[in-house]
Structures are given as structure tokens and as C-alpha cells.
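Below is one structure, written out as C-alpha cells; the observations come after it.
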Amino acid sequence: MVLDAALASGARLADPGDFTRRAFLNGRIDLAQAEAVADLIHSRTELALRAANEQLAGKLSQRINELRDDLMKTLAHVEAYIDFPEEDIAEETKDQLLGRLDRGVAFMDELLRTANEGQILRRGIRAAIIGRPNAGKSSLLNQLLGRDRAIVSPIAGTTRDTIEETANIRGLPVVFIDTAGLREARDEIEIEGIRRSHESLQKAEFILHVLDNSEPFTEADEKYLREFSGKKRILVRNKIDLPPKLKMPEGVGQTFLSAGSGDFPVAGPNTGLESPVNSQAGTPALPIVDVCCVTGKGIEALKDAIKDLVWSGEIKTEMLEVMINSRHQDALNRARESTSRTIAALRSGVTLELAAMDLRMAVNAVGEIVGKTATEDLLDMIFSQFCIGK
Ligand SMILES: Nc1nc2c(ncn2[C@@H]2O[C@H](COP(=O)(O)OP(=O)(O)OP(=O)(O)O)[C@@H](O)[C@H]2O)c(=O)[nH]1
Ligand SMILES: [Mg+2]
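My numbering puts the first residue of the sequence shown at 9, with every later residue one more than the last.
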């Protein structure tokens, strides 16, 4: 009733992100900080929360502003020479300007390298659990979630619908998708289940392929190996508590464990076992992790393997505070391109006007990140992702 009375007297309900938008429009926070409020609300792990907090505190903004100031200083310099066409830029000055621009590009590259991880922290990463019926896929899902989410039974074909759940794996939000074991369907429900499995496999960014260590290696296993060669994956050898019967085809295990070792009888060049992941010399080919999904043995090692697979490890911890999102990535890519053109123009000595124009574009693109240049549409887009009342 109070609310109704307030509305009747002319008040209006807040829109999503209304308050944050006001804070931005009144200059209390910049756009990157405003986005961090949404990240904070949506963060699903402590690591994501930390990254969002750093951005809210203005760590990314500070670095972006420094970058923009640097580019602007260079721009002012270049423009000064345009105004005095009779003077040539002294070699020394030119070197200084180029040096500053090179450092700018290097810094943009550094930020751009955080984009993938930033995306993972914000949105999570999707992992499909595949393997033939009864391999223990649902048991594995339950172990990774730490609770009994999916039905487990000795009957092959237990899981018919795909099940999606998010788990916190070493600070990374990972969406695990338990699938129906792909096999000859016996009824309509199963056909639909298998169709859905295929669909979620397309969307998955990496794959956990579960093998039953207590059963011999089958054609179905091999088919899985071949079919998903284009994706990052981990082989999970389950049921290690039972007497081992799984003999990986000669060379497969070896090759998976150490790249480029000897012959490859089963997996020829076209079997797809040479995925990009394992072609890097020195890195283990396909990681294999042994687990028992009844006792939970090996699950911690599997979590480590997952983290190694999705988190490149190239990111220095201090970069956690500047994890960029896809909007920042787009702006930085444009800024980088323009800056590179400026560098080329200065080097080749074409008219300074062109160099200045490109540099101005770079300054504007970098400014977009913190909202120095922002359109109504962009603001609507950003703040619509907020909850009402924030
Ligand atoms: N001994 C032993 N049994 C296991 C292990 N993991 C799973 N099982 C058993 O294997 C059977 C199949 O497990 P599920 O998790 O239902 O297998 P699934 O791959 O999801 O099977 P579908 O959904 O039918 O494709 C169940 O009886 C589990 O209790 C393990 O590590 N050791
Ligand atoms: Mg299952």
C-alpha cells in the first residue's frame, strides 16, 4: 500500500541498474566500475568476486586512464607539429613518441590476454561429461558437485535427459553437463536424450571423457576419442577400485601422457588424436586422470587437471585485478589497431594528419572502456543486465 501510494503520488519504480547508472552519470564511478557492480552481483566463485571487487575499486580504470593519458600526450605532441608545418619532428622526439606508442600497444596486448580468463571468471566454462553407458558419468557429476544430483544406477541408459549444474572448481565456475551415453536408442525418449546430448556437446568448451577401467576398451570408446578430437578434453579412467580390464590400445595411453612418443597403431593421423592440445611439444598430450567415483579418490587431482586445462597459467596474479570483459576487449582491439596504424604512419613519415587521426580514434576507443565516450544505447545495454534496485 505504501508503494502504491508513492507511485500514485508520482514516484516511479527503479529500473534495472538505476542507482548504479545514476552514480555513473553523476561521475561518482566510471563505466568500468559500474560494470563491476553487475559482475559482483553475478559472481559465482570467490575468485570472480575478487576480480569484480578490484574492478569496482577502480584498478582497471586506473590503468586504462594511464593508457589514455599517454596516448593523449602523444596526440598533443603530434598535433603541435601539424600546427607548425615548417618544423620537422626531430628524430629524437620521434623516437620518444614511437617508444611511448609501442609501450601502449604492449600494455593493450597484456590486457587483451586476460580476455579469455575474464570471460571464464564471469560466465563460467561449459564441460560435457561423455562416455558410454554405465561408465560412471553421473557418478562423476555427483562427485564434482559434492552432492547426489543425478540418478546413478547399474542399468545402462539411466541418464536420459541432460543435466546441467555449476560447480566451483579451484575458483572457476564450471558448468558440468551430464549426458546420456550415446548409443543405439531403443525408444523415443532415448532418441531425444541423445539428440540433446549432441546439442550440449556442441556448446561445451571442453570434455570429460569417462572410461570404465573395469571393462575392456570398446569400439564405442574409440569412437568417442575420434569424434571429439577438436575439443580440449581430459580422459577420466573411472572405477579404479575394481580389477582393471581396460587396456588402452597400444600407444594411446603413452601418447596421451607424453606427446609425440613413438608409434600410434590405433590412432593414425586422421583419428584426430593429434588435437591442438596435444600437438604442443613437451606438454602432456591428453591428460588422463584415474578416479573412483564411489569413494571420491582422484577427484581432487581431476579438479587440478581441469584448472590446468582451462586456465592457461600465463596470467600473472596481479592481472586478476584487470580482467577485461568482451566490451573492453572490443574497444581495446580497435584501439590497438589504430595505434598500430599511427606507429606505421609516423615511421613511414606520411602526413602527420593521418597519424593524428588514427591516434584520436585510439584515444576514443580506450575512453569507451571507462565511459568517457558512451552513447545512450550502450548505457541501456549495460545497465539492463543489472537487477532492479541495484
Ligand atoms: N565400483 C565402482 N562402481 C562405480 C564407480 N563409478 C560408478 N560406479 C557404478 O557404475 C554404475 C553406473 O554409474 P552411472 O554414474 O549411473 O553411469 P553413467 O555413465 O551415468 O550411466 P548412464 O547414465 O546409464 O549412461 C552404477 O552402479 C555406479 O554405482 C566406481 O568408481 N567404482
Ligand atoms: Mg548417467
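In this text, a Cβ means the ideal position worked out from N, Cα and C, and glycines have one as well.
Residue i Cβ short of 7 Å to ligand 1 heavy atom set
| i | result |
| --- | --- |
| Asp249 | yes |
| Pro162 | yes |
| Gly165 | yes |
| Pro252 | no |
| Ser51 | no |
| Ala136 | no |
| Cys395 | no |
| Ala123 | no |
| Gly201 | no |
| Ala309 | no |
| Pro141 | yes |
| Leu154 | The displayed chain sequence assigns Gly, not Leu, to residue 154. Not so, every heavy atom of ligand 1 lies at least 7 Å from the Cβ. |
| Gly107 | no |
| Val182 | no |
| Val302 | yes |
| Val378 | no |
| Val297 | no |
| Asn34 | no |
| Gly306 | no |
| Val318 | no |
| Val244 | no |
Proximity test, residue i beta-carbon vs ligand 2 heavy atom, cut-off 7 Å
| i | result |
| --- | --- |
| Asp338 | no |
| Asp186 | yes |
| Ser346 | no |
| Ser146 | yes |
| Ala479 | No answer is possible for residue 479: the residues shown for the chain start at 9 and end at 398. |
| Ala114 | no |
| Ala483 | Nothing about residue 483 can be reported from this structure: the residues present for the chain run from 9 to 398 only. |
| Ala60 | no |
| Ala19 | no |
| Ala46 | no |
| Ala158 | yes |
Nonlocal neighbours in the same chain, by C-beta distance under 6 Å from residue i, ignoring five residues either side
| i | result |
| --- | --- |
| Val42 | The sequence shown places Ala at residue 42, rather than the Val named in the question. So the qualifying residues of the chain are Thr28, Phe32. |
| Asn176 | Thr53 |
| Gly290 | Its pLDDT being 40, under 50, Gly290 is placed unreliably in this model, and the value from its coordinates should be taken loosely. Hits under 6 Å: none found. |
| Leu362 | Ala353 |
| Phe236 | Ile215 |
| Pro284 | Caution applies to Pro284, whose pLDDT of 37 falls short of 50 and renders its modelled position unreliable; the value that the coordinates give is listed next. Same-chain partners within the cutoff: there are none. |
| Arg342 | Ala373 |
| Glu282 | Because Glu282 sits at a pLDDT of 38, beneath the cut-off of 50, its placement in the model cannot be relied upon, and the following sentence gives the value as read from the coordinates. So no residue of the chain qualifies. |
| Leu209 | Ala136 |
| Gln337 | Ala123 |
| Leu15 | none |
Same chain, Cβ closer than 8 Å to residue i, neighbours up to 5 away in sequence not counted
| i | result |
| --- | --- |
| Ala339 | Ala373, Val374, Glu376, Ile377 |
| Phe225 | Leu219, Leu254, Lys255, Met256, Pro257 |
| Ile242 | Phe214, Ile215, Leu216, His217, Leu294, Pro295, Ile296, Val297, Leu310, Ala313, Ile314, Leu317 |
| Lys67 | Glu329, Val330 |
| Leu105 | Thr82, His85, Val86, Ile97, Leu354 |
| Ser17 | none |
Residues near residue i by beta carbon distance below 7 Å, same chain, minus five either side
| i | result |
| --- | --- |
| Ile137 | Lys145, Leu148, Leu149, Phe184, Ile185, Asp186, Thr187, Leu216, Val218 |
| Leu387 | Arg29 |
| Arg157 | Leu149, Asn150, Ile171, Glu173 |
| Cys301 | Gly144, Ser147, Leu148, Gln151, Asn246 |
| Lys398 | Gly25, Phe27, Thr28, Val45, Ile49 |
| Leu64 | Gln41, Ala44, Val45, Leu48 |
| Thr122 | Ile323, Met327, Val330, Met331, Ile332 |
| Asn73 | Val378 |
| Leu360 | Val86, Tyr89, Ile90 |
| Asp366 | Ser346, Arg349, Thr350, Ala353 |
| Arg76 | Val371, Val374, Gly375 |
| Gly8 | An answer regarding residue 8 cannot be provided, because it is not within the stretch 9 to 398 covered by the chain. |
| Gly179 | Thr53, Glu54, Leu55 |
Cβ-heavy atom distance, residue i to ligand 3, below 7 Å
| i | result |
| --- | --- |
| Ala373 | Of the ligands one can find in the structure shown, namely ligand 1 and ligand 2, none is ligand 3. |
Closer than 8 Å to chain C by CB, residue i
| i | result |
| --- | --- |
| Arg349 | Checking the listed chains, one finds no chain C in this structure; it contains a single protein chain. |
Where in the segment 76-124 do unbroken runs of the alpha helix (DSSP H), each at least 4 residues long, occur, reported from the N-terminal end onward? Fully enclosed alpha helix (DSSP H) runs of 4 or longer: 99-120.
Inter-stretch contact (C-beta, 8 Å, three-pair minimum) for the segment 180-190 and the segment 132-143: The segment 180-190 vs the segment 132-143: in contact.
Runs of 3 residues minimum, wholly inside the segment 169-248: which ones carry the beta strand (DSSP E) assignment? List check, beta strand (DSSP E) in window: 171-177, 180-186, 214-220, 240-246.
Would you be able to state if there are at least three C-beta pairs under 8 Å between the segment 96-105 and the segment 75-86? Yes, the segment 75-86 touches the segment 96-105.
Do the segment 55-72 and the segment 128-137 meet, that is, are 3 or more Cβ pairs less than 8 Å apart? With the cut-off at 8 Å, the segment 55-72 and the segment 128-137 touch.
If you scan the segment 308-367 from start to end, which runs of the alpha helix (DSSP H) of 4 or more residues do you find wholly inside it? The segment 308-367 contains these whole alpha helix (DSSP H) runs: 334-356.
So, does the segment 191-205 touch the segment 110-126, judging by three or more C-beta pairs under 8 Å? Not touching, per the Cβ criterion.
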